[in-house]
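Asks: Got a structure here, written out as structure tokens. Questions coming.
Numbering (full-length UniProt numbering), first residue to last: 1 to 631.
This is the structure we're talking about:
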């Protein structure tokens, strides 16, 4: 009997670590993240529409979209372009959800086949392939393509204008008073001019705080603008270089025990500061007193329960962290603005050493810090860290490169860069980099761009070792991650398998066998909670048809029939208590099987199930004959 594979996904583990956006990360890859390609999820659309305050550009943009069919919303990051685009789509009143197209070169967009009467959106389009010389011609061709298909509309968002040949609208946040009115609150005592200095996400947070009963002063103190001003004030005051370097180290080691933090912070200081800069004679390390920080310091030390391998109850540790986790991004912004490239060369060199730290908690914090740094200097992060790590023989480094991309994907603005990086790795001539791409597509990059990930993983899986086996194993991992994150989209993986099997069945038996083996691995994948397919089916019983189609396609292959019987038996046994689910699954299988195969399957599978039962026949066995053999 063929055993089913135990699939595990190595997601980033960062417990109680606060990112620069103030979001607490639990498990990076399993944090709830909506897709950024394919149909817009209903929850994402509902959240965008809820209490939307249209900016001044909304009405003219909607009219232009109806008339011209293509519009561009441009403006600074965080100005509400994504929310605005979704509301424009909603106002079109189409019967089907809009489709998100990933950022891709203009020639790929020109080759894309649009469906009639459908709305499409590209968030943060880079405009690749539409350069300043040929840009207008390429963009005009794209607009012509959209207008040539009945009822199709396209909204593009980006930070800079694209072309004068299509309507552009400068997108800015709505007036604060309009947004607050949507929440039914009035900012008594707040300065409206001052409120306009806040980012749109902060204004939404402020309005929500007031609506929940929080007073104005308390809410304002917790907003990002207050944190930014704290950091800018600290840098403007001027501080000892070692204080600045401690703050730099804290960006990447925020929240770790002091005994872990201090040696690494000292290594950064030694790399940056010239020898002999200290004004006093050096003391032996063991006699050097702990640093004292005044109330103006950005950093503090807190005592937490120790996170050792085997801690004793009551054991604690001194941990060093920023007074607010949201200082981290602003510290990076200040450092990028104030310090030259020589400083950053040393920081990148320090990070390149830090990634080899054996402690996985340290590496996880570093990956999160590097992902945050990518928001301020993606070019440097890619050149100094991601590219070397992705092709390193030490695969722990490659894993950290994957973790950085996964954490970048938690930020909607950075996710497209993570996707493009993974695609470059997939297309690289370096096999190690191809393997790293496969890992990335099996984790959060794949969750955010599921169709993209499946396409690249299929292509990589057909390559010889080491790339092929790595990509082959990545597809069940992607299915596991998708089911854990949002099982509503897990059927996309199964439908992709069905499509591959049907296509290969018409052309190439070797490719068909390869696809069948991957399908069997996906259906047999297990996590610590049991069979992944069982969780998928229990949460999404309407996906029974996808399982049935997959089984029916593989059952016709006699050598694999026993393995498929095992897959069906295992899934039915896992959901045997849910009689309606079992009934729907067997009914779907009856519809998927050719008429001449149904009775044969019922007979053979019943015999197989009785043999497996060893005297305790499962309840579902009686349903097999009654449903499959019915006329």
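We treat Cβ as the ideally placed atom computed from N, Cα and C, and that holds for glycine.
Treat the numbers as computed from the prediction; the structure is a model and nothing was measured.
Exposed or buried, which one is residue 259 when buried takes at least 16 other CB atoms within 10 Å?
Replies: Numbered from its first residue, the chain shown carries residue 259 at position 259. Label assigned to residue 259: exposed.
Asks: Curious, which full-length beta strand (DSSP E) runs of at least 3 residues does the region 297-328 contain?
Replies: With a minimum length of 3 residues, the continuous beta strand (DSSP E) runs that stay inside the region 297-328 are 299-305 and 316-322.
Asks: Taking C-beta to C-beta, are residue 269 and residue 169 nearer than 9 Å?
Replies: Counting from 1 along the chain shown, the entry for residue 269 is found at position 269. Counting from 1 along the chain shown, the entry for residue 169 is found at position 169. Not a contact, by the Cβ cut-off of 9 Å.
Asks: Can you tell me which of the three DSSP states residue 154 falls into?
Replies: Here residue 154 is taken as the residue at index 154 of the chain shown, counted from 1. Reduced to three states, the DSSP call for residue 154 is strand.
Asks: Find out if the Cβ-Cβ distance for the pair residue 332, residue 365 is shorter than 9 Å.
Replies: Counting from one through the chain shown, the residue named residue 332 turns up at place 332. Counting from one through the chain shown, the residue named residue 365 turns up at place 365. No, the Cβ-Cβ distance between residue 332 and residue 365 is not below 9 Å.
Asks: Using CA coordinates, which residue listed in 446, 595 and 589 is at the minimum distance from residue 486?
Replies: Looking up residue 486 in the chain shown gives position 486. For residue 486, the nearest C-alpha among the options comes from 446.
Asks: I'd like to know if the region 495-503 and the region 515-522 are in contact, where contact means that at least 3 CB-CB pairs between them fall below 8 Å.
Replies: Contact between the region 495-503 and the region 515-522 is present, because at least three Cβ pairs lie under 8 Å.
Asks: Going along the chain, which residues of its own chain have a beta-carbon closer than 6 Å to the beta-carbon of residue 161, five neighbours each way excluded?
Replies: As a working note, residue 161 is residue 161 in the chain shown. Counting only Cβ-Cβ distances below 6 Å, and skipping sequence neighbours, we find 74 and 168.
Asks: What are the residues that DSSP puts in a beta bridge with residue 38?
Replies: As a working note, residue 38 is residue 38 in the chain shown. Per DSSP, 100.
Asks: Please report the Cβ distance between residue 179 and residue 207, rounded to the nearest whole angstrom; I am assuming they are in contact, meaning their Cβ atoms lie under 8 Å.
Replies: In the chain shown, the residue the question calls residue 179 occupies position 179. In the chain shown, the residue the question calls residue 207 occupies position 207. Indeed, because the Cβ distance is near 6 Å, the residues count as touching under 8 Å.
Asks: Alpha carbon to alpha carbon, how far is residue 592 from residue 165? Give it in angstroms, no decimals.
Replies: Against the chain shown, residue 165 aligns to sequence position 165. Against the chain shown, residue 592 aligns to sequence position 592. Each residue's alpha carbon lies about 50 Å from the other.
Asks: Look at residue 369 and residue 386 and say whether their C-beta atoms are less than 9 Å apart.
Replies: Here residue 369 corresponds to residue number 369 of the chain shown, with the count starting at 1. Here residue 386 corresponds to residue number 386 of the chain shown, with the count starting at 1. No, they are not a contact pair.
Asks: Since I believe residue 48 is in contact with residue 83 (beta carbons under 8 Å), could you give me their beta-carbon distance rounded to a whole number of angstroms?
Replies: For the purposes of this step, residue 83 is identified with residue 83 of the chain shown, where counting begins at 1. For the purposes of this step, residue 48 is identified with residue 48 of the chain shown, where counting begins at 1. That pair is a contact at about 5 Å.
Asks: Output needed for residue 177: all residues of its chain with C-beta closer than 7 Å, excluding positions within five of it in sequence on either side, in chain order.
Replies: By 1-based counting over the chain shown, the position of residue 177 is 177. Once the five neighbours on either side are set aside, the close Cβ partners of residue 177 are 192.
Asks: Could you give the distance in angstroms between the alpha-carbon of residue 406 and the alpha-carbon of residue 622?
Replies: In the chain shown, the residue the question calls residue 406 occupies position 406. In the chain shown, the residue the question calls residue 622 occupies position 622. Roughly 46 Å separates the two Cα atoms.
Asks: Rounded to the nearest angstrom, what separates residue 21 and residue 34 at their Cα positions?
Replies: Translated into positions along the chain shown, residue 21 becomes position 21. Translated into positions along the chain shown, residue 34 becomes position 34. For residue 21, the predicted structure reports a pLDDT of 34, less than 50, and the residue's modelled location is therefore unreliable. The matter cannot be settled from this model.
Asks: By DSSP, does residue 254 sit in helix, in strand, or in coil?
Replies: Translated into positions along the chain shown, residue 254 becomes position 254. DSSP places residue 254 in coil when its eight states are reduced to three.
Asks: May I ask you to report which of helix, strand or coil DSSP gives residue 565?
Replies: One-based indexing of the chain shown puts residue 565 at position 565. Helix, per DSSP.
Asks: Run through DSSP, which three-state label would residue 95 get?
Replies: Working through the chain shown from its first residue, we reach residue 95 at position 95. It is coil, neither helix nor strand.
Asks: Hey, would you say residue 121 sits closer than 9 Å to residue 99, going by beta carbons?
Replies: Along the chain shown, one-based indexing puts residue 121 at 121. Along the chain shown, one-based indexing puts residue 99 at 99. Yes, these two residues count as a Cβ contact at 9 Å.
Asks: Decide if the region 187-204 is in contact with the region 150-157; the criterion is three or more beta carbon pairs, one per stretch, under 8 Å apart.
Replies: No: the two stretches stay apart, fewer than three of their Cβ pairs being nearer than 8 Å.
Asks: For the structure I just gave you, are there three or more beta carbon pairs, one from the region 406-425 and one from the region 468-480, closer than 8 Å?
Replies: The answer is no - the region 468-480 does not touch the region 406-425, with fewer than three Cβ pairs under 8 Å.
Asks: Going by C-alpha to C-alpha distance, which of 565, 344 and 95 sits closest to residue 273?
Replies: As a working note, residue 273 is residue 273 in the chain shown. Checked all of 565, 344 and 95; the closest Cα to residue 273 is 344.
Asks: Do you know offhand how far residue 266's Cα is from residue 568's?
Replies: If you number the chain shown from 1, residue 266 lands on position 266. If you number the chain shown from 1, residue 568 lands on position 568. Using only the alpha carbons, I get a separation of about 58 Å.
Asks: Given this structure, state the Cα-to-Cα distance separating residue 604 from residue 582, to the nearest angstrom.
Replies: Numbered from its first residue, the chain shown carries residue 604 at position 604. Numbered from its first residue, the chain shown carries residue 582 at position 582. In a straight line, the C-alpha of residue 604 is about 18 Å away from that of residue 582.
Asks: Note the first and the last residue of the continuous alpha helix (DSSP H) segment covering residue 168.
Replies: On the chain shown, residue 168 is found 168 positions in, with the first residue counted as 1. No alpha helix (DSSP H) holds residue 168; the beta strand (DSSP E) holding it covers 168-170.
Asks: Leaving out the 5 sequence neighbours to the left and right, which residues in its chain are closer than 7 Å to residue 199 when beta-carbon positions are compared?
Replies: Along the chain shown, one-based indexing puts residue 199 at 199. The residues are 78 and 224.
Asks: Per DSSP, what kind of secondary structure is residue 74 in: helix, strand or coil?
Replies: Within the chain shown, residue 74 is the residue found at index 74, counting from 1. Residue 74 falls in the strand class under three-state DSSP.
Asks: Taking the beta carbon of residue 312 as the centre, do at least 16 other beta carbons fall within 10 Å, making it buried, or is it exposed?
Replies: Counting from 1 along the chain shown, the entry for residue 312 is found at position 312. Classification of residue 312: exposed, given that the 10 Å Cβ count is below 16.
Asks: Mapping the DSSP letters down to three states, classify residue 526 as helix, strand or coil.
Replies: What you label residue 526 is simply residue 526 of the chain shown in a count that begins at 1. Note: residue 526 maps to strand in three-state DSSP.
Asks: Can residue 142 and residue 185 be called in contact, C-beta distance under 9 Å?
Replies: Locating residue 142 in the chain shown gives position 142, counting from the first residue. Locating residue 185 in the chain shown gives position 185, counting from the first residue. In this structure, residue 185 does not lie closer than 9 Å to residue 142 by Cβ.
Asks: Measure the alpha-carbon distance for residue 399 versus residue 440 and round it to whole angstroms.
Replies: Within the chain shown, the letter at position 399 stands for residue 399. Within the chain shown, the letter at position 440 stands for residue 440. Answer to the nearest angstrom: the Cα atoms are 9 Å apart.
Asks: What first and last residue would you give for the alpha helix (DSSP H) that runs through residue 122?
Replies: Mapped onto the chain shown, residue 122 falls at position 122. Looking at the DSSP string, residue 122 is not in any alpha helix (DSSP H); the run it does join, the beta strand (DSSP E), is 119-122.
Asks: May I have the straight-line CA-CA distance separating residue 238 from residue 251, to the nearest angstrom?
Replies: Position 238 of the chain shown, counted from the first residue, corresponds to residue 238. Position 251 of the chain shown, counted from the first residue, corresponds to residue 251. Cα to Cα, the separation comes out at about 19 Å.
Asks: So the candidates are 213, 246, 575 and 53; which of them puts its Cα closest to the Cα of residue 85?
Replies: As a first step, residue 85 must be located in the chain shown, where it is residue number 85. Per the Cα distances, 53.
Asks: Is it true that the CB of residue 501 sits closer than 9 Å to the CB of residue 519?
Replies: Against the chain shown, residue 519 aligns to sequence position 519. Against the chain shown, residue 501 aligns to sequence position 501. A contact, by the Cβ cut-off of 9 Å.
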